[in-house]
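A quick write-up on the structure given underneath.
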Amino acid sequence: MKVLLLQDVKNLGKAGDVCEVKDGYGNNFLLAKNLAQLATTEVIRRYKANVQKRVQQEALELAAKQELAQTLEGIILKISKKVGANGALFGSITKEEVIETLQANHPISLDKKTLELKTPIRSTGIYEIDVKLGSGVVGVLKIDVVAE
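Residue numbers (numbering that gives the first Met the number 0): 0 to 147.
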């Protein structure tokens with residue numbers, strides 16, 4: 000019996016492989032646990048078309064993430080906070096404040112989990128924050144912290 004593996008199966012193959020297996024193993028284990036489908040020409044054609052669509056979709060998403068990273072690198076966010084006598088902020092700049100300021104000034108929405116503050120921002124100056132967009136794409140957002 001020929002089957003198309005839908006998931007990786009130990010000692011048999013990886014997802015997308017067409018394997019020849021014994022009828023009992025195919026029917027009682029692989030097909031019953033949705034690890035494989037019967038390898039008809041129609042099933043193989045559909046699987047290859049789905050894989051091709053998925054690859055194209057991932058390429059589009061990667062291009063969008065890279066474009067967003069380039070857009071972020073051209074932005075300098077200006078955040079004003081109250082400052083003490085020694086130039087230190089009262090409190091610190093949080094990820095939420097960065098996202099709120101970004102959304103207020105630009106049509107970009109990010110999740111706070113994507114921002115990576117290397118050190119807490121507790122004084123005025125220009126800081127760079129890494130924005131991890133996924134798929135290995137990292138953008139840099141500059142923040143200018145000024146006194147109110």
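Every residue gets a Cβ at the ideal spot worked out from N, C-alpha and C, and that includes glycine.
Status (buried if at least 16 other CB within 10 Å, exposed otherwise) for Leu59: exposed
Proximity winner among Asp143, Ser108, Ile120 and Leu11, relative to Ala68 (alpha-carbon distances): Ser108
Three-state secondary structure assigned by DSSP to Lys13: coil
Touching by the beta-carbon criterion (3+ pairs, under 8 angstroms), the stretch 116-123 and the stretch 86-101: yes
Of the listed residues Gln55, Ser134 and Leu3, nearest to Asn26 (C-alpha basis): Leu3
Nonlocal neighbours in the same chain, by C-beta distance under 6 angstroms from Lys94, ignoring five residues either side: Lys111 and Leu114
Test item: CB-CB of Thr40 and Leu76 under 8 angstroms: no
Exposure label - Gly138; buried when at least 16 CB within 10 Å: buried
Candidates Gly124, Asp129 and Lys81, of which the one nearest Ile98 by Cα: Asp129
Which residues DSSP lists as bridging Glu96, in chain order: Its beta-bridge partners do not exist; DSSP assigns none.
Own chain, CB closer than 6 angstroms to Ser79, minus 5 neighbours either side, in chain order: Val145 and Glu147
Neighbour-count burial assignment, Ile92, 16 or more Cβ in a 10 Å radius: buried
8 angstroms Cβ cutoff met for Leu29 and Val42: no
Contacting residues, own chain, Cβ-Cβ under 8 angstroms from Asp16 (five flanking each side not counted): Leu3 and Leu4
Cβ pair Gln65, Val136 closer than 8 angstroms: yes
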